[in-house]
Amino acid sequence: MEAGLPARFNRTPSKAPAGIVHLGLGAFFRAHGAIYVAEAMAASGGDWGIMGVSLQSAGTRDRLAPQGWAYTALELGPEGETPQVVTVLQGVLVAPEDPQAVLEAMAAPSVRIVSLTVTEKGYCHEPSTGRLNADHPDIRHDLDQPLPKSAPGFLVRALALRRDRRLPPFTVLCCDNLPGNGRVLRGVVLELARLIDPALADWIAAEGAFPSTMVDRIVPATTPADLDRLEALTGARDEALVVHEPFRQWVVEDRFCAGRPDLGAVGVQLVEDVTPFEHMKLRMLNGAHSALAYLGYLAGHRTIADTVADPVFGAYVRRLWQDEIIPALTPPPGVDLAAYADALAARFANPAIRHRTWQIAMDGSQKLPQRILGTIAEGRAAGRAVPGLTLAVAAWLRYVSGRDEAGAPIDVRDPMAARLAALWNDDPARTVQNAMTLEQVFPQALRRDAGFVRDLSDALHRLVERGARAAVA
Ligand code: CS2
C-alpha cells in the first residue's frame, strides 16, 4: 500500500492478470461498464480485472496512479448523493507513450475481452455509411507502421499478435453510441485487417466476436465544484472522481468468443438482437440531447436541466418524442415508449446533473446521422412531418458557423470544424445548399430530397430571423 493515500483508497491492487483491456478510459466507462464488471465479479467471481488504456493523453493515468487505480463514482440524484469507491482497475497504459505495451497487454493470454469507449470519431469511419475512412490520417499511419495510433489499428495489430502466438482472439465489445456498434466495428476492423493481411481478416471473421451493445447512463464531465462537493461529503479529495445519474442500462448481445463476466447477475440485459433497444436509445435520448444542446445553447442555456426547465423547450422535447421520433420506432420487447419518454423527461430534468449543452454539442458531424438524420429520412419517406428535428439540424448549422445569435464566438469542437464553419452564408438557402455537399454526414436520401432542403432552409431562416427560443415556440 502506498503511504499518504486517503484511507478509503488503501488497497493492494489484485495480482491476478487482467481479463479485460478497455480502450478509452474516460468518465463514461468508469461510471458505467467498470461498475457493472466490478459488481459481476463481486456477485459471481472470475478474473475480470480491467487494464485501462488512454489513447490520447496521460491525465487519467496521472490522476489514478497515486490512488492505486481506485476512484470514486458519485451518484447525483434529485434527492441526494451517494459515493462508491471502485477498485476494478488494475492499471492504466497511455498509448502514445508506449504503444508496444498496449499491444502486449491486449495480446496477454489472460485477456478475453477488449472493450471500447473511444467516442464516435474514434472509429475512423464514415458516419453516414459506417465504412472505414481509409483516408483518415491515423488509419494511413496504421497501415504503414506496426505501432498503431487508432483504436481499429490497435485491435487489428493485437489480434495479429494473438494469431501469430496461436492464442484465441478476444471478444471486441464496443460501448459507444453508434448504431449496430459491434457490426460497424467488425466491418471497420475487417476492412483494415484486409488491407494489411487478408489471411488475418479471414481469421478474425471466422474466430472473433463483435457483439453489439446499447449503453446508457448520463455522465457529465467532472468539474472542480464536484471535487469540492465530494470532499465536503467524505472529507477526502479524489482527483479521479466521476459523477453520474442514478439510472443505468446496458443491453448486450450474448455472443462472446472467450467467456464473459456474469453480467446477467447485475442487471445487464443479455439479448439476441440489440437493434430495437439501440434505436430507441440513440433516437430518443441522444437525438433529444443533441436537439436540446444546439437549440438550448443558442438560446443561452448552459445545461440540459436548465434547457428543459424552460417551458418552451420542455414542450418542444415532448413533441419531438411523441410526434416525430416514437412513430418511427419499433418498441423493444416489453417496452412502452411513452413511459420511456416520461422517464427521459425526468432524467433530463435532474437538477443535480449539470450536463453542459456545449459538451453534448461536440462532434455533431459524427452524431447527427444516427441520432437525428435517420429519423428525419424515415419520417419523410413515410410522409410524416418532422419540423422539430429539422429545426434541430438548422440549429446545428447555426452552431457550427462558430457565431451565436449575438455574434459572439462559439468554441466548436468537431473533427470537421473547419469545413463546417465554411458552410455559412448570410443567405440560409445557400448555407443549406453548401451543407448538402457533406456526404459523410447527410444520407443520400436527404441530400436528394428537395422538400427536405426547402424545409431546412425555411427552418434556418426562421432561426436566424427570430432566434432559437422564438423559433422553437
Ligand atoms: C450525450 C451522451 O454527450 C452526448 O452526446 O448525448 O453522452 C449521453 O449522455 C449518453 O449517451 C447517455 O447514455
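Last residue of the sequence shown: number 514 in the numbering used here, and the count goes up by one each step with no gaps. The beta-carbon is built from N, C-alpha and C at its ideal position, and this holds for glycine as well. As the structure is a prediction and not an experimental result, all values here were calculated from the model.
- Cβ neighbours of Ala418 within its own chain (closer than 6 Å, five residues either side excluded): Pro484, Ala486 and Leu487.
- For Arg258, the CB falls within less than 6 Å of some heavy atom of the ligand CS2.
- In the DSSP assignment, Glu319 falls within the alpha helix (DSSP H) that extends over Thr316 to Met321.
- Fully contained in the segment 350-436 are the following alpha helix (DSSP H) runs of length 4 or more, in chain order: 352-360, 378-390, 398-402, 405-409 and 415-422.
- At a threshold of 6 Å, Ile61 does not count as near the ligand CS2, since its beta carbon sits no closer than that to any of the ligand's heavy atoms.
- With distances taken between CA atoms, Val312 lies nearest to Asp295 out of Gly328, Asp295, Gly300 and Val133.
- Distance from the C-beta of Ile401 to the nearest heavy atom of the ligand CS2 is below 6 Å.
- By the criterion of a C-beta distance shorter than 6 Å, Ile154 is surrounded in its chain by Ile61, Phe211, Thr212 and Leu214, once the five residues flanking it on both sides are discounted.
- Judged by DSSP secondary structure, His182 falls within the alpha helix (DSSP H) whose first and last residues are Pro178 to Asp185.
- For Ala201, the CB contacts under 6 Å within the same chain, skipping 5 residues up- and downstream, are Leu241 in chain order.
- In the three-state scheme derived from DSSP, where H, G and I count as helix and E and B as strand, Asp257 is classed as strand.
- DSSP lists Ile91 as the beta-bridge partner residues of Leu130.
- Boundaries of the beta strand (DSSP E) around Leu117: Tyr112 to Gly118.
- DSSP places Val453 in the coil class of the three-state scheme, outside both helix and strand.
- With respect to the 7 Å criterion, Val307 and Val292 are not classified as neighbours on the basis of their beta carbons.
- It is roughly 7 Å from the alpha-carbon of Ile237 to the alpha-carbon of Leu184.
- Around Trp437, the same chain offers Tyr335 and Gly405 as residues with beta carbons nearer than 6 Å, after the five sequence neighbours per side are excluded.
- The DSSP-derived three-state label of Ala72 is helix.
- Pro187 sits exposed, since fewer than 16 C-beta atoms from the chains shown fall within 10 Å of its C-beta.
- Taking all protein chains in view, the Cβ of Gly276 is surrounded by fewer than 16 other Cβ atoms within 10 Å, so the residue is classified as exposed.
- Relative to Pro58, the option among Val441, Asp88 and Gly448 whose CA is nearest is Asp88.
- Selection Pro410, Ala393 and Gly420 evaluated against Trp362 yields Gly420 as nearest (Cα-Cα).
- Beta-bridge partners assigned by DSSP to Trp291: Val256.
- For Ala240, the secondary structure class from DSSP, reduced to helix, strand or coil, is helix.
- His177 has its CB no nearer than 6 Å to any heavy atom of the ligand CS2.
- Exclusion of Asn466 from the 6 Å shell around the ligand CS2 follows from its C-beta lying no nearer than that to any non-hydrogen atom of the ligand.
- A Cβ-Cβ separation of about 12 Å leaves Cys165 out of contact with Leu157 under the 8 Å criterion.
- Bridge pairing for Arg444: Pro450 [DSSP].
- Measuring C-alpha to C-alpha distances from Val353 to each of Glu272, Ala340, Gln290 and Arg412 identifies Ala340 as the nearest.
- Between Ala433 and Ile451, the C-beta spacing is not below 7 Å.
- CA-to-CA, the gap between Leu323 and Asn466 works out to about 31 Å.
- Put simply, the backbone Cα of Pro119 is about 13 Å away from that of Ala384.
- Its chain contains Ala68, Leu282, Val283 and Val284 as the residues whose beta carbon lies nearer than 8 Å to that of Thr263, once the 5 sequence neighbours on both sides are disregarded; these appear in chain order.
- Judged by their CB atoms, Val127 and Ala79 are nearer to each other than the 7 Å cut-off.
- Collapsing the DSSP output to three states places Ala299 in coil.
- Taking 3 residues as the shortest admissible run, the segment 132-214 contains the following complete beta strand (DSSP E) segments, listed from N- to C-terminal end: 154-157.
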